[in-house]
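J.: Take this structure first; my questions come after.
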Amino acid sequence: MTFSVQFTPEAADDLVRLFDFIIERELTRGGDIDLAQQALDAIRRGIDTLRWTPFTCRKAGASPFMRELVIPFGSTGYVALFEVVDDRTVVLAAVRHQREDDYH
């Protein structure tokens, strides 16, 4: 069984925000701006695993259907909050960097 992964508008905005943050940070410090695309690619690969194994991710809250996917990247990574809404659909609610306080 495979699941369809859908994005809320907020989750899509999070990807843009995270990409822009890395671009600005790397431009400021004279670093590697390709890092932003590499991070986005890692996030997308992680999210793609939800198509097959959403229930292997850790629970996030009281509902057994609200879960978090940890996506490693470099020495830290990202966390994707999602909900399994039915037997065919996963809805991505938010994505944040692991060092952020909480989801936006």
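Here the numbering used here is used: the sequence shown runs in plain steps of one and ends on residue 150.
All C-beta atoms, glycine included, are put in the ideal place defined by N, C-alpha and C.
Using 10 angstroms around the beta-carbon of G120, count the other beta-carbons present and answer buried if the total reaches 16, otherwise exposed.
T.: Position 74 of the sequence shown, counted from the first residue, corresponds to residue 120. Result: exposed.
J.: R90 bridges to which residues according to DSSP?
T.: Here residue 90 is taken as the residue at index 44 of the sequence shown, counted from 1. Partner(s): none; R90 has no beta bridge.
J.: Does the region 81–99 come close enough to the region 107–118 that 3 or more CB-CB pairs lie under 8 angstroms?
T.: As far as the Cβ criterion goes, the region 107–118 touches the region 81–99, which means the pair count is three or higher.
J.: Can you tell me which residues form a DSSP beta bridge with T122?
T.: Numbered from its first residue, the sequence shown carries residue 122 at position 76. DSSP, once it has assigned bridges, lists F119 as partnering T122.
J.: Would you call the CB atoms of L61 and E72 closer than 7 angstroms?
T.: In the sequence shown, counting from the first residue as 1, residue 61 sits at position 15. In the sequence shown, counting from the first residue as 1, residue 72 sits at position 26. No, the pair does not count as a contact, with Cβ atoms beyond the cut-off.
J.: Return the chain-ordered list of same chain residues with a C-beta closer than 6 angstroms to the C-beta of D66, the five sequence neighbours on each side being excluded.
T.: Counted from its first residue, the sequence shown places residue 66 at position 20. There are no such residues.
J.: Got a sec, what are the start and stop residues for the beta strand (DSSP E) F53 sits in?
T.: One-based indexing of the sequence shown puts residue 53 at position 7. Element bounds for F53: S50 to F53.
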